[in-house]
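Working notes for the structure below.
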Amino acid sequence: MGCTVVGLGWALRSAGGPLPDAESWWLALVLVAVALMHAEATRPPQERRRVAHLAVERVDHGAAWVLGGALVLPTALALVPAIVVTGRGLVVREGGRHVVDACTLIAAAVAAHTVAVASPAREWVVEGTLPPATLAVAAMGLAGAVAAFWLVWRVIPGAVRALRGTVTWTRVLSDGDLLVVLALGVIAAWSAGVGHGAPLVAVAAVATGVTRRTQRIAELARERDRFEADALHDPLTGLANQRGFNPAAALALVADQARRRPTAVLMLDLDGFRQVNARLGHLGANEVLKSFATLLRGMVRRDDLVCRWGGEEFSLVLPGTGRSDAWAVAERIRRAVEAMTVELTPTRGAGIERVGQFTVSGGIAVSPTDGTDLATLQTHADDALAEAKAGGRNQIRLTPAPAEVDSPH
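Going by my numbering, the letters in the sequence shown line up with residues 341 to 749, in that order.
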């Protein structure tokens with residue numbers, strides 16, 4: 341809200357000059373009206389899009405009317421569309437990030453208007469004609485005003501977010517929605533100077549169609565990404581499934597082979613899971629699987645790969661990891677599972693029940709000693725896992741190879 345007040349102050353300070361004529365007031369009123377019409381016509385999909393894009397950059401098409409007002413209105417009225425658009429946004433949305441967006445949008449309107457009035461650009465847009473000698477200067481001024489709007493509104497705050505890692509530079513600099521907004525803003529400015537702003541209604545209709553279409557495309561893209569992610573991940577644990585794990589694991593193996601580094605493959609299996617299922621029921625057993633998946637995520641490195649291979653069996657690929665280090669990782673996991681407790685809500689009664697007494701067995705194979713492809717390494721790791729199960733469970737076994745460490749079991 342503070343930025344809106346600053347914008348009002350700037351407009352009032354500018355009012356010390358000549359008062360806007362009736363035509364300017366009318367254009368400001370028409371711009372505000374079409375901006376509100378456009379906002380209401382696109383509000384439901386805009387809100388869905390806002391919710392889906394809380395963590396990334398999002399372009400509000402309502403900024404087109406802000407740019408149009410900055411280019412065509414006199415100084416005392418240039419920020420009226422910006423104040424209305426940002427003020428409405430602060431009312432219908434949560435504060436926080438939108439406050440920052442509102443500030444940058446008002447600042448962008450000031451920048452665009454300043455460049456436009458410092459050159460023949462505004463006169464060209466309002467009057468529609470200029471002496472041929474000044475047309476080139478006016479065109480450059482118009483381009484400069486649009487560039488100033490883009491720079492202040494998107495590039496500077498986008499660069500800050502990119503440096504913080506919340507968005508990518510590509511997303512900041514190559515946004516198709518942004519080009520749509522800039523084009524609509526220039527068209528709105530030109531239309532405002534014709535027929536007392538009547539063509540703005542047609543521009544608003546076009547803008548509404550464009551906004552709805554781009555929003556629908558964005559929604560479909562999000563749905564596609566969600567379906568792709570669902571297809572590559574286990575719905576219960578959130579870990580990669582075989583379809584998502586195998587290509588990444590194969591790539592990790594190839595990369596390590598090119599660097600002449602070992603790659604460890606682990607196969608882990610929760611012991612006695614049938615008994616766990618019988619003791620806790622299907623829902624309780626699912627909670628155990630989810631807790632184990634969370635434990636695995638917390639015990640591996642960022643570049644390590646974890647997969648729910650099937651049932652209670654999990655597979656890990658540890659790039660750049662030899663036998664000793666792989667053994668150490670597997671042992672840490674085994675000990676952590678021994679200490680793991682799972683919180684369950686009893687089907688009858690109140691409170692939380694903590695259950696424990698879980699164990700895991702594992703087998704390890706290492707490339708290139710035990711093989712160079714994922715299938716071969718997993719076969720050897722599975723053989724070692726079977727030995728661990730046959731040897732009494734709750735232990736880790738290495739494949740038969742020149743071992744750097746000996747299993748204590």
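Glycine is no exception: its CB is placed at the ideal position from the N, C-alpha and C atoms.
Buried or exposed by the 16-neighbour rule on C-beta atoms within 10 Å, applied to Leu606: In this structure Leu606 is buried. Its beta-carbon is surrounded by 16 or more other beta-carbon atoms within 10 angstroms.
Whole-angstrom distance between Ala452 and Glu397, CA atom to CA atom: Residue placement at Glu397 cannot be trusted, given a pLDDT of 48 that sits under 50; the coordinates are not used to answer.
Is the Cβ-Cβ distance between Val465 and Val412 less than 9 Å? Less than 9 Å divides the Cβ of Val465 from the Cβ of Val412.
Measuring straight from C-alpha to C-alpha, what distance separates Val521 and Leu579? Near 39 Å, if we compare the C-alpha coordinates of Leu579 and Val521.
Between the segment 594-613 and the segment 714-726, do three or more beta carbon pairs fall short of 8 Å? Yes, the segment 594-613 touches the segment 714-726.
For Gln325, is the classification buried or exposed, using 16 other Cβ atoms within 10 angstroms of its Cβ as the cut-off for buried? Residue coverage of the chain in this structure runs from 341 to 749, which leaves residue 325 outside it and unanswerable.
Assuming Val457 and Pro421 are in contact, meaning their beta carbons sit under 8 Å apart, how far apart are those beta carbons, in whole angstroms? Your pair Val457 and Pro421 does not check out as a contact, with CB atoms roughly 16 Å apart and the cut at 8 Å.
For my contact list, Trp312 and Ala403 are in at a C-beta cut-off of 8 Å; report their separation, rounded to the angstrom. For the chain, the structure presents residues 341 to 749; residue 312 sits outside this window and is missing.
Contact between the segment 582-602 and the segment 659-675: three or more CB pairs below 8 Å? Three or more Cβ pairs drawn from the segment 582-602 and the segment 659-675 lie within less than 8 Å of each other, which places the two stretches in contact.
What's the C-alpha gap between Ser531 and Gly409? Those two C-alpha atoms are separated by around 11 Å.
What does the Cβ neighbour count give for Phe585, buried or exposed, with the cut at 16 atoms within 10 Å? A residue is called buried when at least 16 other Cβ atoms come within 10 angstroms of its Cβ; Phe585 meets this threshold and is buried.
Strictly by DSSP, which residues pair up with Pro414? Answer by DSSP bridge pairing: none, since Pro414 is not bridged.
Enumerate in chain order the residues of its own chain whose CB-to-CB distance from Ala381 is below 6 Å, with the five nearest sequence positions on each side excluded. So the list reads Thr548, once near-sequence residues are dropped.
Relative to the alpha-carbon of Val425, which residue among Ala633, Thr415 and Trp405 has its alpha-carbon at the smallest distance? Nearest C-alpha to Val425: Trp405.
Cys647 and Leu658: beta carbons closer than 9 Å? Remark: C-beta atoms of Cys647 and Leu658 do not approach each other more closely than 9 Å.
Can you find a CB in chain B that lies within less than 9 Å of the CB of Glu653? Absence of chain B from the displayed structure is noted, only one protein chain being present.
Assuming the contact rule is C-beta atoms closer than 8 Å, Ala589 and Leu645 should be a hit. Round their C-beta distance to whole Å, please. A Cβ-Cβ distance of about 6 Å is found for the pair Ala589 and Leu645, placing them in contact under the 8 Å criterion.
So, with DSSP's three-state summary, where would you put Leu475? Secondary structure of Leu475 (DSSP, three-state): helix.
Cβ-Cβ distance between Leu445 and Leu593 below 9 Å: Not closer than 9 Å, so no.
Output the boundary residues of the alpha helix (DSSP H) element that contains Trp464. Residue range Ala461 to Glu467 is occupied by the alpha helix (DSSP H) that includes Trp464.
Helix, strand or coil at Pro659 according to DSSP, with G and I counted as helix: In this structure, Pro659 counts as strand in the three-state DSSP scheme.
For Gly651, the nearest candidate out of Val440, Phe632 and Ser459 (CA to CA): Ranking the options by Cα distance to Gly651, first place goes to Phe632.
Hey, how far is the Cα of Gly621 from the Cα of Ala448? Using only the alpha carbons, I get a separation of about 60 Å.
Same chain, Cβ closer than 7 Å to Ala666, neighbours up to 5 away in sequence not counted: These residues qualify, in order along the chain: Ala604, Leu606, Leu658, Ile704 and Val706.
Does Phe654 come out as helix, strand or coil in the three-state DSSP assignment? Phe654 falls in the strand class under three-state DSSP.
Would you kindly check if the distance between the Cβ of Leu540 and the Cβ of Ala374 is under 9 Å? For the sequence presented, residue 374 should be read as Val rather than Ala. A contact, by the Cβ cut-off of 9 Å.
Sub-9 Å separation of Val486 and Gly525 beta-carbons: Cβ atoms of Val486 and Gly525: closer than 9 Å.
DSSP three-state assignment for Lys729, whether helix, strand or coil: Lys729: helix per DSSP, three-state reduction.
Quick one: is Ala362 buried, meaning 16 or more other Cβ sit within 10 Å of its Cβ, or exposed? By the 10 Å Cβ count, Ala362 comes out exposed.
If you run the structure through DSSP and keep just helix, strand and coil, what is Asp611? DSSP, reduced to helix, strand and coil, places Asp611 outside both helices and strands of the structure shown, so it counts as coil.
Where does His401 fall in DSSP's three states? Coil.
Pull the bridge partners of Glu693 from the DSSP assignment, please. For Glu693, which the question treats as bridged, DSSP gives the partners Leu684.
I'd like the span of the beta strand (DSSP E) that includes Gly584, first residue to last. Gly584 -> not in any beta strand (DSSP E); alpha helix (DSSP H) instead, spanning Gln582 to Ala598.
Where does Ala483 fall in DSSP's three states? In the structure shown, Ala483 adopts helical secondary structure according to DSSP, grouped into three states.
Sheet register partners of Ser707 (DSSP bridge): BP columns for Ser707 point to Thr603.
Gly702 (DSSP reduced to helix, strand or coil): Strand.
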